[in-house]
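**Student:** For the sequence shown, full-length UniProt numbering begins at 1 and goes up steadily by one. Structure below; questions to follow.
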Amino acid sequence: MSRWYTGYFSPDFWSLVRHEYTAARTAGEVAYLVKTLEEHAPGRRVLDLGCGLGRHAVPLAEHGFEVVGVDVSRWALDRAEEAARRAGVPLAVVCADLLERAPLPEADAAVCLQSFGWGEDEEQRRLLRRVRDRLVPGGLLILDHSSVTGILARYRASDRFEADGAVYEFARSYDAVSGRSRGELRVTRPDGSVARLRDDLRLYQPPEVAAMLRDSGYEIVRADADFTAGSPVEVDTRYVQFVARVPARPEPAVLDYARATPAPGTLDLRWAPDEVEYARDAIEAAWAEAGAANRAQDEDRAKGRAGLGAGIGEVARGLAVDDPYGGGRAAPVLARHFGADITPDRVVTGAGTTGLLHALSLLAAPGTLLCTPYAHPDLPAWASALGVALRPFDPSADDAPEVIARTRPSLVLVERPGVLGVLPPLDRIRALAEAAAGVGALLVVDEAGATYAGPRASAVPLTSRVDGLVVLRSVSKGYCCGGLRAGFAITSDGVGADLRRVAPPLAASALPMEVALRLLDRGDALAPLRAAVAEAKPELIEGLRSLGVTVEPGHPALPWVTTSQACPPGILGKPVRPLFAAPLTRISVPLSRARRDAFRAVVGR
């Protein structure tokens, strides 16, 4: 695809604008950039997007910044490199189209001056997102654009300029519907030859650019007029500079697991593999029932058939095209398990809660996500990548419903329990759901860890009584069946349809779903595990405290504690790196005799 700007910024163009881009103007702009970068950028690696002849890139390098200039014109980049050599400073360059997938290196900051608005709106958004992804957390973008109101105040449909024996004639028009200014620059060179350069620019109002930045995942620090920090943007301001920051980006929690390896002799309490012994009978029974039920069906259909077509193999081959979101199969079992009125249209199954959280992140965009300071990072990570603003709040605070009403988020995420082991009471969940529904938002309650407390502690029954509520459940925690990748979203009336619009159908495979539902249909199968935790957890708390570790015990049914301190020697806990709070360590309760003995050895008992 040929774009107008690939041939526009030619020697003829630069012969004209050198009369506009004076040394004094450039010095003022560079001073503004240097001051802003030194105040706000986390480092000195800078991308100059649309660097041209290096008018800003070379002076920035002279001020000690490590600059990479990016431009579509090889001719211009050659001149930029030549200018850098004359100045005796390093300058790396990349010849690429910014509206395509330009290979941008990681940087601490990016500046984009008079190079915004060349493409369509969505192309500009994609550019902003690609730049965001190459900036480090806290990285800075200085984005300069020509304000349409300031341009139109000086707009001329035609103009003429003579310099150095050349004649420059302009003809342009502005389309108020598309917001684009299209024109032709006719250059008559001193030798009489003629060049015609055509442009096609999208001129924005400052609020439009601000919205694009926010939708692309930036936080706006300020907006300046005409390269003067603190100067207010007025209707007749011609050049507007947005100073925007890339917030810290969470990443999926599973990526943390491979970052620490227990040293020999270290007791690994990042998780509790011994939990499975208290759920093993229920797990084995569920598998046996799944196979037995299908074998009976096989015998009715085809006597004597063996191999893959029998038992569990036949279940695994199933493709529930008649129930692609799983509500028909899951709703009756979930209703019995939670003692609630649940209809199939209010259930969406997925590949664990992770798959459902990913789908829900799409419902957060565009808008704001309210989440707890210690939120599980998956949904915030995906929502942030879509440009959703992340805001922390405390769901247990007295004014939490008022915060929701005031913030007007698109989605509210509450873990029940969260990493601190707090199980918010059901009347608090109801109040939060009502506040969210009042501003058209969804309240998502992630109950992946609530399995330990038993089905009667769940918020699932509230989905029949309040609007705008989604409760997530799985058979990972406690059941030790995370490999099944079976997750359930139980929603308020009407919300299931919204979730199905973004969730993939057939995401939960037939065999894992069959086993998961049979596990849930066994009632409170984790009661033995709950009893074991109640017996072993006090010893863990007492032992850690005897070693000088301050412990937050959390709910008594939960098999972990947390501390803000380092683990004592000989113990490895799971690091928790929250977005909006100080780091913590989660330490699992040892349950088996061997692990409890190992803990006692560390404590010295």
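Just so you know, even glycine gets a beta-carbon here, dropped at the ideal spot from N, CA and C.
How many Å lie between residue 513 and residue 381 at the Cα?
**Tutor:** 27 Å
**Student:** Is it buried or exposed, residue 301, if we count other Cβ atoms within 10 angstroms and call 16 or more buried?
**Tutor:** At residue 301, the pLDDT of 47 sits below 50, so the modelled position is not reliable and the matter cannot be decided from this model.
**Student:** Where does residue 304 fall in DSSP's three states?
**Tutor:** Model confidence at residue 304 stands at a pLDDT of 39, short of 50, so the residue's coordinates are unreliable; what they give is reported in the following sentence. Correct three-state label for residue 304: coil.
**Student:** Can you check which of these residues, 33, 150 and 524, is closest to residue 339 by C-alpha distance?
**Tutor:** 524
**Student:** Give the DSSP-derived three-state secondary structure of residue 420 in the structure shown.
**Tutor:** Judged by DSSP in its simplified three-state form, residue 420 adopts coil rather than helix or strand.
**Student:** Going straight from the alpha carbon of residue 163 to that of residue 94, what length do you get?
**Tutor:** 32 Å
**Student:** Quick check: what's the CA-CA separation for residue 489 versus residue 548?
**Tutor:** 41 Å
**Student:** Determine the contact status of residue 168 and residue 16, defining contact as a CB-CB distance below 8 Å.
**Tutor:** yes
**Student:** Quick one: what does DSSP say residue 163 is sitting in, helix, strand or coil?
**Tutor:** strand
**Student:** From residue 622 to residue 396, what distance separates their C-alpha atoms?
**Tutor:** Because the chain spans 1 through 605 in this model, residue 622 falls outside it and cannot be assessed.
**Student:** By the 10 Å Cβ neighbour count, where 16 or more other Cβ atoms means buried, how is residue 88 classified, buried or exposed?
**Tutor:** When all chains shown are included, residue 88 counts as exposed.
**Student:** Give me the residue from 323, 245 and 386 with the minimum Cα distance to residue 216.
**Tutor:** 386
**Student:** I'd like to know whether the C-beta atoms of residue 188 and residue 166 end up nearer to each other than 8 Å.
**Tutor:** yes
**Student:** For residue 131, I'd like the list of residues in its chain whose CB is within less than 6 Å of its CB, leaving aside the five on either flank, ordered along the chain.
**Tutor:** Excluding sequence neighbours, residue 131 sits near 110.
**Student:** Helix, strand or coil: how does DSSP classify residue 574 here?
**Tutor:** Note: residue 574 maps to strand in three-state DSSP.
**Student:** DSSP puts residue 184 in a beta bridge; with which residues?
**Tutor:** 171 and 198
**Student:** Looking at the secondary structure, which residues open and close the beta strand (DSSP E) in which residue 139 lies?
**Tutor:** Secondary structure note for residue 139: its beta strand (DSSP E) is the uninterrupted segment 135-146.
**Student:** Reducing DSSP to helix, strand and coil, say where residue 588 ends up.
**Tutor:** strand
**Student:** Is the segment 175-194 close to the segment 215-231, with three or more CB pairs under 8 Å?
**Tutor:** no
**Student:** Rounded to whole angstroms, what's the CA-CA distance from residue 309 to residue 390? Just pull it up for me.
**Tutor:** Reliability of the predicted coordinates at residue 309 is poor, the pLDDT of 39 falling under 50, and the value obtained from them is presented with this limitation in mind. Their backbone Cα atoms lie some 49 Å apart in a straight line.
**Student:** Go through the segment 195-254 residue by residue and report every complete run of the beta strand (DSSP E) that reaches 3 residues or more, in order.
**Tutor:** 219-225 and 239-245
**Student:** Closer than 8 Å by C-beta to residue 606: which residues in its own chain qualify, once you throw out the five before and the five after it? Chain order, please.
**Tutor:** Here the chain covers residues 1 to 605 and nothing more, so residue 606 does not appear.
**Student:** Looking at the structure shown, is residue 496 part of a helix, part of a strand, or coil, going by DSSP?
**Tutor:** helix
**Student:** If you measure between the beta carbons of residue 420 and residue 445, is that distance less than 8 Å?
**Tutor:** no
**Student:** May I have the straight-line CA-CA distance separating residue 521 from residue 361, to the nearest angstrom?
**Tutor:** Roughly 30 Å separates the two Cα atoms.
**Student:** So the alpha helix (DSSP H) residue 34 belongs to, where does it begin and stop?
**Tutor:** 23-40
**Student:** Where in the segment 43-93 do unbroken runs of the beta strand (DSSP E), each at least 3 residues long, occur, reported from the N-terminal end onward?
**Tutor:** 45-49 and 66-71
**Student:** Leaving out five residues before and five after residue 357 in sequence, what residues of the same chain have Cβ atoms less than 6 Å from its Cβ?
**Tutor:** 378 and 379
**Student:** Under 8 Å by Cβ, that's how I've got residue 409 and residue 441 pegged, so tell me the actual separation to the nearest angstrom.
**Tutor:** Between residue 441 and residue 409 the Cβ distance is about 5 Å, and since that is below 8 Å, they are a contact.
**Student:** Please determine, among 54, 53, 30 and 86, the residue with the shortest C-alpha to C-alpha distance to residue 63.
**Tutor:** 30
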